[in-house]
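Numbering (the UniProt record's numbering), first residue to last: 1 to 244.
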């Protein structure tokens with residue numbers, strides 16, 4: 001079985017690789033040092049199992065796992081953790097495979113044999129139980145059968161249209177199936193609602209102007225793109241623009 005090792009610490013990666021060398025049924029196909037690299041390698045190499053450290057700078061293991069779970073045929077995931085106490089209970093309660101650092105040979109063998117694919121609900125509960133941040137660093141979209149990761153900092157706005165949301169970003173736009181309300185709850189510190197169907201990145205505001213119909217539109221930086229502001233949000237947008 002093909003295994004992808006993900007840990008930001010090289011000694012930890014080397015230890016896992018050394019343990020796996022003693023197991024003829026498993027082959028290490030690649031190593032990754034961060035969550036973003038893990039998602040890309042998982043999609044490219046299609047491993048059977050991902051050994052995934054939780055605490056990593058940038059995209060952590062839980063976010064990486066949530067993106068990997070979106071793959072057409074996702075691999076099994078085993079989390080590597082230094083957590084103790086109630087956090088370990090959370091892994092067991094939600095039936096998610098885990099290994100406690102430092103990893104022992106017999107425990108690794110057992111975890112590999114029982115490895116499963118955590119679903120969204122399990123990952124969400126796990127984030128709550130271990131008090132991990134729920135704010136993602138990337139948005140995941142399926143484009144022509146592949147996963148595309150868009151850095152949240154590159155997003156200009158989210159605009160809802162029925163069941164889909166358009167994500168406009170530096171390199172273009174993609175469609176995702178996530179409620180605008182959930183996006184607002186997660187990214188509300190960096191995005192402002194201007195309409196029932198639109199959230200705009202605070203960093204992208206250039207100004208607000210009246211249009212020919214007597215309504216208001218925000219003007220975005222660089223692109224000059226205009227988006228309608230609903231009457232109920234005009235005052236809030238004005239207040240925000242005064243802070244710039």
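Each residue gets a CB set at the ideal place from its N, CA and C atoms; glycine is no exception. Here the structure is a predicted model, which means the values were calculated and not measured.
DSSP three-state assignment for residue i, whether helix, strand or coil
i	result
residue 115	coil
residue 151	strand
residue 69	coil
residue 14	helix
residue 185	helix
residue 162	coil
residue 107	helix
residue 95	Model confidence at residue 95 stands at a pLDDT of 49, short of 50, so the residue's coordinates are unreliable and nothing is read from them.
residue 86	Because residue 86 carries a pLDDT of 48, less than 50, the predicted location of this residue cannot be relied on, and no value is offered for it.
Beta strand (DSSP E) segment containing residue i, residue limits
i	result
residue 207	205-210
residue 219	216-220
residue 142	138-143
residue 98	98-100
Alpha-carbon to alpha-carbon, residue j and residue i
i	j	result
residue 57	residue 141	22 Å
residue 3	residue 163	36 Å
residue 143	residue 183	20 Å
residue 155	residue 6	27 Å
residue 236	residue 224	21 Å
residue 66	residue 38	12 Å
residue 214	residue 208	12 Å
residue 233	residue 179	19 Å
residue 109	residue 174	41 Å
residue 198	residue 167	10 Å
residue 201	residue 10	36 Å
residue 52	residue 80	6 Å
residue 76	residue 25	15 Å
residue 111	residue 101	13 Å
residue 161	residue 196	10 Å
residue 28	residue 49	10 Å
residue 189	residue 18	43 Å
residue 105	residue 136	33 Å
residue 16	residue 171	37 Å
Opposing strand residues paired with residue i [DSSP bridges]
i	result
residue 172	169
residue 53	80
residue 193	199
residue 32	6
residue 227	218
residue 26	None; residue 26 has no bridge partner.
CB-CB length for residue i against residue j, believed under 8 Å
i	j	result
residue 187	residue 152	6 Å
residue 138	residue 59	6 Å
residue 116	residue 145	That pair is no contact at about 24 Å.
residue 78	residue 99	6 Å
residue 299	residue 43	This structure gives no information on residue 299, because the portion of the chain shown stretches from 1 to 244.
residue 176	residue 229	No, residue 176 and residue 229 are not in contact; Cβ-Cβ is about 23 Å, not under 8 Å.
Residue i, enclosing alpha helix (DSSP H) - first and last residue
i	result
residue 238	231-242
residue 40	35-45
heavy atom of the ligand PLP below 7 Å from residue i C-beta
i	result
residue 244	Within the structure as shown, the ligand PLP is missing, as the structure has no ligands at all.
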